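Numbering (the numbering used here), first residue to last: 1 to 679. What follows is a single structure, written as structure tokens, with notes after it.
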Amino acid sequence: MCCLRLFLSLFFFLIHPATLTVAQYCYNENGNYTSNSTYGGNLKSVLASMSSNTEIDYGFYKFSAGEYPDKVNAIALCRGDVSPEECRSCVNATSHNLLQSCPNKKEAIMWPGKCMLRYSNRDIFGVMESQPLIAYYNTGNVSDVEGFNRVLRPLLERLRNGAASGNSTRKFALGSDLAPNFQTIYALVECTPDLDQTDCNNCLLATQGFIPQCCNGKQGGVYVTPSCNLRYETYGFYDPKAEAPPPPPSPPPQPASFPPVLPSPTENNKSGILVFAGKKSNSSPSAIVIAVPTVVSAVLIICIGICYFYLRVRKAGKKVESEAEDEISSAESLQFDFGTIKVATENFSNANKLGQGGFGVVYKGRLPNGQEIAVKRLLKPSGQGNLEFKNEVVLVARLQHRNLVRLIGFCLEGNERLLIYEFLPNSSLDKFIFDPIKRAVLDWERRYKIIGGIARGILYLHEDSQLRIIHRDLKAENILLDADMNPKISDFGTAKLFVLDQTQGNSKKVMGTYGYMPPEYVRHGRFSVKSDVFSFGVLVLEIVSGTKISSFRKGESEEGLLSYAWKNWRQGTTLNLVDPTLRVNSTTEILRCIHIGLLCVQENVAQRPTMASILLMLNDNSITISVPKKPAFLMDRSTISDMSSCREQNTRTIRPDQSRSRFVEASANEASITEPYPR
1 MCCLRLFLSL
11 FFFLIHPATL
21 TVAQYCYNEN
31 GNYTSNSTYG
41 GNLKSVLASM
51 SSNTEIDYGF
61 YKFSAGEYPD
71 KVNAIALCRG
81 DVSPEECRSC
91 VNATSHNLLQ
101 SCPNKKEAIM
111 WPGKCMLRYS
121 NRDIFGVMES
131 QPLIAYYNTG
141 NVSDVEGFNR
151 VLRPLLERLR
161 NGAASGNSTR
171 KFALGSDLAP
181 NFQTIYALVE
191 CTPDLDQTDC
201 NNCLLATQGF
211 IPQCCNGKQG
221 GVYVTPSCNL
231 RYETYGFYDP
241 KAEAPPPPPS
251 PPPQPASFPP
261 VLPSPTENNK
271 SGILVFAGKK
281 SNSSPSAIVI
291 AVPTVVSAVL
301 IICIGICYFY
311 LRVRKAGKKV
321 ESEAEDEISS
331 AESLQFDFGT
341 IKVATENFSN
351 ANKLGQGGFG
361 VVYKGRLPNG
371 QEIAVKRLLK
381 PSGQGNLEFK
391 NEVVLVARLQ
401 HRNLVRLIGF
411 CLEGNERLLI
421 YEFLPNSSLD
431 KFIFDPIKRA
441 VLDWERRYKI
451 IGGIARGILY
461 LHEDSQLRII
471 HRDLKAENIL
481 LDADMNPKIS
491 DFGTAKLFVL
501 DQTQGNSKKV
511 MGTYGYMPPE
521 YVRHGRFSVK
531 SDVFSFGVLV
541 LEIVSGTKIS
551 SFRKGESEEG
561 LLSYAWKNWR
571 QGTTLNLVDP
581 TLRVNSTTEI
591 LRCIHIGLLC
601 VQENVAQRPT
611 MASILLMLND
621 NSITISVPKK
631 PAFLMDRSTI
641 SDMSSCREQN
651 TRTIRPDQSR
661 SRFVEASANE
671 ASITEPYPR
């Protein structure tokens with residue numbers, strides 16, 4: 001009986017990845033047409049023209065029929081590895097199925113697997129649209145999620161760049177790469193060729209951004225939108241001959257392109273399907289997914305099953321024996337000799353001192369190979385043993401992102417504990433943005449780039465790192481700038497490390513910097529990824545205004561930054577918040593950033609956007625976003641004065657209510673170098 005159950009579970013696991021999927025979306029907001037109407041006749045005509053056209057052999061159809069208000073625009077796109085005959089057959093079948101599945105709808109779309117067909121009574125040519133987004137995924141889980149993602153992300157990035165650089169008849173790329181545990185990841189990406197390179201790249205980037213939210217750790221998934229789609233699996237689902245396709249014909253003239261609309265997610269987890277529908281109306285969209293299992297040979301299943309479990313058991317045995325040894329080996333590879341660091345910092349001379357925080361002094365150093373480093377010399381032992389300390393260092397060293405300060409290594413010598421980081425020559429953001437002279441260096445283009453980089457770094461900590469990490473002390477002092485003024489988040493000293501899927505926690509000791517902490521954290525010690533979102537919103541408003549939240553002052557009212565921003569937003573005078581040193585031709589991006597900042601600092605935690613949504617809003621200036629609600633007004637002038645007077649002490653006790661008190665650690669870290677300890 002045990003063997004039978006094992007066999008049946010293996011059978012399901014193996015046949016599920018070979019499942020074919022059909023998805024459709026019937027738009028309700030664009031109205032209906034009657035069966036004998038002019039619009040209905042034009043629709044049937046344009047669909048028939050598509051499926052009968054034999055001149056097009058590159059799989060992209062773009063047809064119109066009729067005149068306004070009965071004009072029908074239609075697009076069909078076949079997968080790039082599909083033959084012309086198979087493409088026409090798919091378009092023909094989809095035309096009939098779509099009319100039956102979405103009867104009398106003036107706009108509808110269907111993805112049967114190897115092609116996509118859509119029609120509408122509005123202009124859809126050259127318009128990049130990321131809604132609706134439908135994701136359906138392989139229910140099998142990968143055994144090494146981190147290793148799998150390390151292969152998947154660059155593979156999709158490579159294919160995305162390849163597809164986006166295609167011409168107006170073909171924007172398609174596919175490929176494969178080796179993954180851990182004897183697996184191969186096969187992937188393809190595609191855009192409608194009427195998009196330009198930027199729109200195609202943005203569409204695929206936004207679509208890929210939903211993978212961590214819905215399907216992280218799954219062995220495969222399909223993500224479809226009207227303008228682009230991507231798919232990846234651990235089995236070959238496309239013709240391998242298509243990996244090196246012949247060059248497409250010369251491109252015809254490109255049509256104008258328009259930006260997308262932000263999708264808002266709705267889920268159907270029971271069927272393993274996620275539908276991200278846009279906010280065009282209050283009507284409920286319909287989404288249908290039909291799964292048709294492919295028959296697999298029973299003999300092949302048994303053979304693969306035996307091999308699969310043999311390799312898994314063998315690998316598991318080896319892993320148990322060598323796990324501890326591998327961890328120590330990884331830590332040892334990061335360890336520096338104390339004498340080397342002592343020489344590099346000229347015996348920790350004051351001339352090389354960069355700053356001092358609550359947990360250590362930071363020095364500039366230069367290694368024998370000429371590499372400049374920043375060395376944090378911890379002031380006192382953390383209570384950890386050497387092995388625990390090494391494990392923490394290994395964890396932080398694994399966090400690799402272009403918008404995070406990189407930990408190079410560590411040093412242990414008696415009671416001496418040193419952390420070695422990359423050296424960033426332009427110090428921290430506060431040294432520029434709050435300086436009346438240096439702020440002129442940060443024009444709006446640089447500030448906007450810094451805001452986007454910070455958002456990407458936080459998103460990595462929240463969604464893509466091995467453990468979910470909440471920073472809890474995001475502020476301008478903790479944003480370092482490299483030689484090209486690219487931002488890098490530092491000082492994870494107050495970060496709370498989570499296992500995957502844990503999104504919030506409760507702390508008896510509230511730690512961070514007053515003004516950047518959301519009310520639910522200050523009052524009740526509750527923190528989540530939305531705590532960092534709140535801090536990010538404060539940062540955005542500081543960057544736009546060029547004024548620090550703890551020293552903001554406007555007129556006799558002496559109101560705080562959040563209060564001032566909210567008042568001007570409500571009165572339609574938002575530009576009053578903008579740093580007067582900024583000289584820009586267009587204020588659209590600035591106003592949008594203020595809008596996003598106010599969304600982030602809303603008092604209601606649930607109404608704050610996620611970092612993934614924020615990044616989408618930043619990447620596309622025309623995405624329609626919700627109206628912000630009242631922010632949390634945490635700072636008045638008396639509080640600011642009290643905080644200023646206790647800066648030197650670095651700690652302060654506050655009483656947000658009568659029932660409890662909170663200890664707040666107000667960071668005064670001038671060097672803003674990452675700490676590997678949760679505070």
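Cβ coordinates follow ideal geometry from the N, Cα and C atoms, glycine included. Note that this is a predicted model, so its numbers are computed, not measured.
Is the beta carbon of residue j closer than 7 Å to that of residue i?
| i | j | result |
| --- | --- | --- |
| valine 375 | glycine 365 | yes |
| lysine 488 | leucine 404 | yes |
| arginine 118 | proline 240 | no |
| glutamine 82 | lysine 114 | Residue identity differs from the one stated: residue 82 is valine in this sequence, not glutamine. Cβ atoms of valine 82 and lysine 114: closer than 7 Å. |
| leucine 354 | serine 428 | no |
| leucine 412 | alanine 397 | no |
| glutamate 107 | asparagine 229 | no |
| aspartate 532 | isoleucine 470 | yes |
| aspartate 491 | asparagine 478 | yes |
| glutamine 213 | valine 142 | no |
| arginine 160 | leucine 195 | no |
| leucine 562 | valine 601 | yes |
| leucine 599 | proline 628 | yes |
| aspartate 70 | asparagine 36 | no |
| serine 101 | glutamine 24 | yes |
| isoleucine 134 | valine 224 | yes |
| glycine 414 | phenylalanine 336 | no |
| valine 540 | tyrosine 516 | no |
| arginine 680 | tyrosine 58 | Because the chain in this structure spans residues 1 to 679, residue 680 falls outside the shown range and cannot be described. |
| leucine 152 | glutamine 208 | no |
| leucine 174 | tyrosine 238 | yes |
| glycine 66 | valine 72 | yes |
What would DSSP say about residue i, mapped onto helix, strand or coil?
| i | result |
| --- | --- |
| valine 617 | Residue identity check: residue 617 is methionine in the sequence provided, not valine. Methionine 617 falls in the helix class under three-state DSSP. |
| tyrosine 223 | strand |
| glycine 140 | coil |
| glutamate 648 | Low per-residue confidence applies at glutamate 648: pLDDT is 32, beneath 50, and the placement is therefore not dependable, though the value from the model is reported in the following sentence. Three-state result, glutamate 648: coil. |
| methionine 110 | strand |
| methionine 116 | strand |
| valine 601 | coil |
| valine 522 | helix |
| asparagine 391 | helix |
| cysteine 102 | coil |
| tyrosine 421 | strand |
| alanine 135 | strand |
| asparagine 149 | helix |
| glutamine 400 | coil |
| isoleucine 489 | strand |
| valine 127 | strand |
| cysteine 78 | strand |
| phenylalanine 338 | helix |
| lysine 567 | helix |
| proline 240 | helix |
| asparagine 386 | helix |
Considering only DSSP beta bridges, list what residue i is partnered with.
| i | result |
| --- | --- |
| aspartate 177 | Ile185 |
| alanine 65 | Val72 |
| glutamate 416 | Glu413 |
| glutamate 372 | Arg366 |
| cysteine 593 | According to DSSP, cysteine 593 bridges with nothing at all. |
| serine 428 | Leu480 |
| phenylalanine 172 | Glu190 |
| asparagine 32 | Lys105 |
| arginine 231 | Leu188, Val222 |
| isoleucine 549 | Looking at the DSSP assignment, isoleucine 549 forms no beta bridge with any residue, so it has no partner. |
Exposed or buried, what is residue i when buried is set at 16 or more other beta-carbons lying within 10 Å of its beta-carbon?
| i | result |
| --- | --- |
| isoleucine 437 | exposed |
| aspartate 123 | exposed |
| glycine 453 | buried |
| asparagine 339 | It is worth fixing the name first, because residue 339 is glycine in this sequence and not asparagine. Exposed is the call here. |
| proline 193 | buried |
| histidine 96 | exposed |
| phenylalanine 182 | exposed |
| glycine 236 | exposed |
Inter-stretch contact (C-beta, 8 Å, three-pair minimum) for the region 185 to 200 and the region 88 to 107: Three or more beta-carbon pairs separated by less than 8 Å are not found between the region 185 to 200 and the region 88 to 107, which leaves the two stretches without contact.
Stretch pair the region 453 to 462 + the region 611 to 619: three plus CB contacts closer than 8 Å: Result yes; three or more Cβ-Cβ pairs closer than 8 Å.
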